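Only one structure is covered here, and it is reproduced in the block below.
In the working numbering, the protein residues as written are 408 to 874.
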């Protein structure tokens, strides 16, 4: 059974009071993601449904299929690369290079379906653009694994407009339920693209780490293939440690999950106990006013990418991450046409929530952080990451705006951070230039965080033994 590598980047359930989304809107989003025209895309209800649609088309065109031999789902079909089902039928292949795909088309007269469900995790370039202009070639792409939509399966067939029209003739009425349409549209929202890219990069890095630790090989998609000598002993370890994956004879296809689960798998299969897992968090905050993705890694300094729609605020949050010494990816689509208040406040709330989640039990942290001068301005700050929110803010600003950013929101930002991060923050700022004063506040906060986030041991930093 396949498992999504991380929790899906979707928030909340479907609101049945809203009008159903348009399949055409999803089709356009899929086209934008895969770099083809919308007429070259057919959304389908998951990868297995996509294969079924192609087989229906071939059957209606008169192909006589050989016995499927128990290949009753797309996973089994995908493992039978180049499986031919009758003359003029369908050949299914894994991801191919362009030259191999052209050779395969020339060697037969049926449809060639390339399974690119795991293209996001592969270094092999997608042939979606080639399929959009080449007769008899179909590319299958999927949102199920890379976008965390196993619970609402959605995929796409990519081919020439003429072939897509012929494939669409085989679809049943309303092939994509409304919850699938909504989940897929949300997952493909451009504001979430950097978060998906960072998550996929993390899965690939974890896949390489596991393979190296276990002397195994990286498989297609978020999997590692482990060859085993003592299968019964390995099966006992899989049950004991609760490892996710699939048995393939004397091999085990391990699902690459979050770092903590991956560490457990390394130990289960006899690898050396990994060092402390990195402290990471993925947050989605979605309201009627804002849509925010916030990802942090407290044990890495890069990347730092901020896009709130407010350039000065982007610069301030960048100071927090750079001076705090942690990776931050934060993107927001907010109602800035109404006012900047919601975007500024909700971004601070999301960042604080991400920092709190990444801190986990806060075991071994420095906990406290202490000031920063910037030209004539000075910001004095002390923080306690002990889990109790409290803000004391002392400072005033003369200029109402800094590049569109309302200076009155500075105190509100730190109050929001305090609330969701679970931190006491005492901040005093003075000076003459409001730009310097504001930037000093954010830089000082980052420097204080750097001290408080630092790992100094294993103990809970409290005489109570708990935070």
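Glycine is no exception: its CB is placed at the ideal position from the N, C-alpha and C atoms.
Computed from a prediction, not measured in an experiment: that's the story for all the values here.
Count the C-beta pairs between the stretch 706 to 717 and the stretch 786 to 798 that are closer than 8 Å, then say yes if the count reaches three, no if not.
-> no
Do residue 627 and residue 525 have their C-beta atoms within less than 8 Å of each other?
-> The residue you call residue 627 lines up with position 220 of the chain shown. The residue you call residue 525 lines up with position 118 of the chain shown. Cβ atoms of residue 627 and residue 525: closer than 8 Å.
Per DSSP, residue 704 forms a beta bridge with which residues?
-> Numbered from 1 along the chain shown, position 297 holds the residue referred to as residue 704. Paired residue(s): 687 and 734.
Is it right to say residue 631 is buried, meaning 16 or more other beta carbons lie within 10 angstroms of its own, or is it exposed?
-> In the chain shown, counting from the first residue as 1, residue 631 sits at position 224. Its Cβ being crowded by 16 or more others within 10 Å, residue 631 is buried.
Check whether the stretch 555 to 567 touches the stretch 584 to 603, counting contact only when three or more Cβ pairs, one atom from each stretch, lie closer than 8 Å.
-> Result yes; three or more Cβ-Cβ pairs closer than 8 Å.
Where does the unbroken beta strand (DSSP E) through residue 518 begin, and where does it stop?
-> What you label residue 518 is simply residue 111 of the chain shown in a count that begins at 1. Counting along the chain, residue 518 sits inside the beta strand (DSSP E) bounded by residues 518 to 522.
Classify residue 645 as helix, strand or coil using the three-state DSSP reduction.
-> Along the chain shown, one-based indexing puts residue 645 at 238. DSSP places residue 645 in helix when its eight states are reduced to three.
Could you check if residue 663 is buried or exposed, using at least 16 other CB atoms within 10 Å of its CB as the buried criterion?
-> In the chain shown, counting from the first residue as 1, residue 663 sits at position 256. So residue 663 ends up on the buried side.
Who are residue 800's beta bridge partners in DSSP?
-> Here the question's residue 800 lines up with position 393 in the chain shown. Residue 800 is bridged to 834.
Taking residue 563 as part of the beta strand (DSSP E), name the residues at either end of that continuous run.
-> Your numbering for residue 563 matches position 156 in the chain shown. Per DSSP, residue 563 belongs to the beta strand (DSSP E) from 562 to 565.
Whose C-alpha, out of 518, 583 and 514, is nearest the C-alpha of residue 453?
-> Counting from one through the chain shown, the residue named residue 453 turns up at place 46. Nearest C-alpha to residue 453: 583.
Length at least 4, wholly inside the stretch 537 to 562: the alpha helix (DSSP H) runs in chain order = If we require 4 residues or more, the stretch 537 to 562 turns out to have no alpha helix (DSSP H) run fully inside it.
C-beta contact flag for residue 621 and residue 658 at 8 Å | Working through the chain shown from its first residue, we reach residue 621 at position 214. Working through the chain shown from its first residue, we reach residue 658 at position 251. It is not a contact, given that the beta carbons lie outside the stated cut-off.
Close beta carbons around residue 822, own chain, < 7 Å, minus the five adjacent residues each side | Position 415 of the chain shown, counting from 1, holds the residue named residue 822. Excluding positions up to five away in sequence, the list reads 798.
Give a yes or no on whether the C-beta atoms belonging to residue 593 and residue 567 are separated by under 8 Å.
-> Stepping through the chain shown from its first residue, residue 593 is reached at position 186. Stepping through the chain shown from its first residue, residue 567 is reached at position 160. No, the Cβ-Cβ distance between residue 593 and residue 567 is not below 8 Å.
So, do the stretch 532 to 549 and the stretch 603 to 622 have three or more beta carbon pairs nearer to each other than 8 Å?
-> The stretch 532 to 549 vs the stretch 603 to 622: no contact.
Nonlocal neighbours in the same chain, by C-beta distance under 6 Å from residue 428, ignoring five residues either side | By one-based count along the chain shown, residue 428 stands at place 21. Around residue 428: 588, 589 and 592.
What does DSSP give as the partner residues of residue 693 in its beta bridges?
-> By 1-based counting over the chain shown, the position of residue 693 is 286. Paired residue(s): 698.
If you drop the 5 nearest sequence neighbours on each side, which residues of the same chain put their C-beta closer than 7 Å to that of residue 810?
-> The residue labelled residue 810 in the question sits at position 403 within the chain shown. Answer for residue 810: 718 and 719, listed in chain order.
Residue 497 - partner residues in DSSP beta bridges | Here residue 497 refers to the residue found at position 90 of the chain shown. Residue 497 is bridged to 518.
Residue range of the beta strand (DSSP E) that includes residue 877 = Nothing in the structure corresponds to residue 877, since the chain is present only between 408 and 874.
So, residue 739 versus residue 699, is the Cβ gap smaller than 8 Å?
-> The residue labelled residue 739 in the question sits at position 332 within the chain shown. The residue labelled residue 699 in the question sits at position 292 within the chain shown. Contact flag set, yes.
Hey, quick one: how far does the alpha helix (DSSP H) through residue 450 stretch, first residue to last?
-> Reading the chain shown from its first residue, position 43 is the one you call residue 450. No alpha helix (DSSP H) contains residue 450, which is instead part of the beta strand (DSSP E) from 448 to 451.
Can you list, in chain order, the residues of its chain whose CB lies under 6 Å from that of residue 857, leaving out five sequence neighbours each side?
-> One-based indexing of the chain shown puts residue 857 at position 450. Closer than 6 Å at Cβ, skipping near neighbours: 731 and 732.
Have a look at the DSSP bridge pairing and note the partners of residue 634.
-> Indexing the chain shown from 1 puts residue 634 at position 227. Looking at the DSSP assignment, residue 634 forms a beta bridge with 658.
State the CB to CB distance for the pair residue 755 and residue 795, rounded to an integer number of angstroms; the pair is presumed to be in contact (CB under 8 Å).
-> Within the chain shown, numbered from 1, the residue matching residue 755 stands at position 348. Within the chain shown, numbered from 1, the residue matching residue 795 stands at position 388. Not confirmed; about 18 Å, so no contact.
Going by the beta-carbon positions, is the gap between residue 726 and residue 815 smaller than 8 Å?
-> Here residue 726 refers to the residue found at position 319 when the chain shown is read from its first residue. Here residue 815 refers to the residue found at position 408 when the chain shown is read from its first residue. Contact: no.
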